[in-house]
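Taking it in order: structure first as C-alpha coordinates, then the write-up.
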Amino acid sequence: MLSPGKGKIGRNDPCPCGSGKKYKRCCLEQQCATHSFWARQRDASDQLTRDMLRFAERKFWRPDSGGLGRLQDDRSAGSLGCLPR
(Lines of atoms letter the chains of each structure in order from A; the text may use other names.)
(Lines give C-alpha, C1' and ligand atoms only; values in the text may rest on other atoms or scores of the structure.)
Protein backbone atom coordinates (compact mmCIF):
# COMPACT_ATOMS: atom_id res chain seq x y z
CA MET A 369 0.00 0.00 0.00
CA LEU A 370 1.01 3.57 -0.61
CA SER A 371 1.93 5.46 2.55
CA PRO A 372 0.13 8.77 3.01
CA GLY A 373 3.35 10.81 2.92
CA LYS A 374 4.92 9.23 -0.19
CA GLY A 375 2.82 10.86 -2.92
CA LYS A 376 2.12 9.46 -6.36
CA ILE A 377 3.75 6.23 -7.51
CA GLY A 378 5.77 6.53 -10.70
CA ARG A 379 5.45 3.91 -13.43
CA ASN A 380 9.10 2.87 -12.98
CA ASP A 381 9.07 2.87 -9.17
CA PRO A 382 9.06 -0.43 -7.28
CA CYS A 383 5.53 -1.71 -6.83
CA PRO A 384 4.16 -0.95 -3.36
CA CYS A 385 2.69 -4.47 -3.13
CA GLY A 386 6.20 -5.76 -2.35
CA SER A 387 6.61 -8.04 -5.39
CA GLY A 388 9.91 -6.39 -6.37
CA LYS A 389 8.62 -5.67 -9.88
CA LYS A 390 8.22 -2.23 -11.38
CA TYR A 391 4.80 -0.75 -10.73
CA LYS A 392 4.01 -0.59 -14.49
CA ARG A 393 4.62 -4.36 -14.82
CA CYS A 394 2.79 -5.38 -11.65
CA CYS A 395 -0.26 -3.57 -10.24
CA LEU A 396 -0.71 -0.62 -12.63
CA GLU A 397 -2.66 -2.68 -15.18
CA GLN A 398 -4.81 -4.24 -12.46
CA GLN A 399 -5.61 -0.80 -11.09
CA CYS A 400 -6.51 0.46 -14.59
CA ALA A 401 -8.69 -2.60 -15.24
CA THR A 402 -10.54 -2.11 -11.95
CA HIS A 403 -11.05 1.58 -12.68
CA SER A 404 -12.26 0.73 -16.18
CA PHE A 405 -14.76 -1.82 -14.81
CA TRP A 406 -16.24 0.67 -12.34
CA ALA A 407 -16.30 3.42 -14.96
CA ARG A 408 -18.32 1.14 -17.27
CA GLN A 409 -20.66 0.24 -14.39
CA ARG A 410 -21.18 3.93 -13.56
CA ASP A 411 -21.82 4.82 -17.21
CA ALA A 412 -24.35 1.98 -17.56
CA SER A 413 -26.10 3.08 -14.37
CA ASP A 414 -26.24 6.69 -15.57
CA GLN A 415 -27.71 5.61 -18.92
CA LEU A 416 -30.31 3.42 -17.19
CA THR A 417 -31.32 6.33 -14.95
CA ARG A 418 -31.75 8.62 -17.98
CA ASP A 419 -33.79 5.97 -19.80
CA MET A 420 -36.02 5.39 -16.76
CA LEU A 421 -36.66 9.13 -16.34
CA ARG A 422 -37.56 9.48 -20.03
CA PHE A 423 -39.92 6.50 -19.76
CA ALA A 424 -41.56 7.87 -16.60
CA GLU A 425 -42.01 11.28 -18.19
CA ARG A 426 -43.68 9.77 -21.28
CA LYS A 427 -45.84 7.34 -19.29
CA PHE A 428 -46.92 9.26 -16.18
CA TRP A 429 -46.62 13.00 -16.73
CA ARG A 430 -49.04 15.30 -18.56
CA PRO A 431 -47.66 16.86 -21.74
CA ASP A 432 -49.28 20.23 -20.93
CA SER A 433 -47.58 20.51 -17.54
CA GLY A 434 -44.21 21.53 -18.99
CA GLY A 435 -42.37 18.37 -18.05
CA LEU A 436 -42.29 16.68 -14.69
CA GLY A 437 -45.22 18.42 -13.10
CA ARG A 438 -48.44 16.52 -12.47
CA LEU A 439 -49.39 12.89 -12.75
CA GLN A 440 -51.99 11.92 -15.36
CA ASP A 441 -53.69 9.53 -12.99
CA ASP A 442 -53.50 9.91 -9.21
CA ARG A 443 -54.33 6.22 -8.83
CA SER A 444 -50.97 5.36 -10.43
CA ALA A 445 -49.09 7.43 -7.88
CA GLY A 446 -51.17 6.07 -5.01
CA SER A 447 -50.50 2.49 -6.02
CA LEU A 448 -46.78 3.27 -6.02
CA GLY A 449 -46.99 4.71 -2.52
CA CYS A 450 -46.23 8.23 -3.74
CA LEU A 451 -49.37 9.91 -2.44
CA PRO A 452 -50.82 9.87 1.07
CA ARG A 453 -54.21 8.20 1.39
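Using the working numbering, the final residue of the sequence shown is 453, and nothing's skipped along the way. Glycine included, C-beta positions come from ideal geometry on N, C-alpha and C.
Residue closest to residue i, alpha-carbon to alpha-carbon, out of the options
| i | options | result |
| --- | --- | --- |
| Pro382 | Lys376, Gly375, Lys390 | Lys390 |
Under 9 Å between C-beta atoms of residue i and residue j
| i | j | result |
| --- | --- | --- |
| Cys395 | Ser404 | no |
| Lys392 | Arg379 | yes |
Own chain, CB closer than 6 Å to residue i, minus 5 neighbours either side, in chain order
| i | result |
| --- | --- |
| Gln399 | none |
Residues near residue i by beta carbon distance below 7 Å, same chain, minus five either side
| i | result |
| --- | --- |
| Cys385 | Cys394, Cys395 |
Item to check | 3 or more residues per run - each beta strand (DSSP E) lying fully within the region 383 to 415 | outcome: Counting whole runs of 3 or more residues, the region 383 to 415 contains no beta strand (DSSP E) stretch at all.
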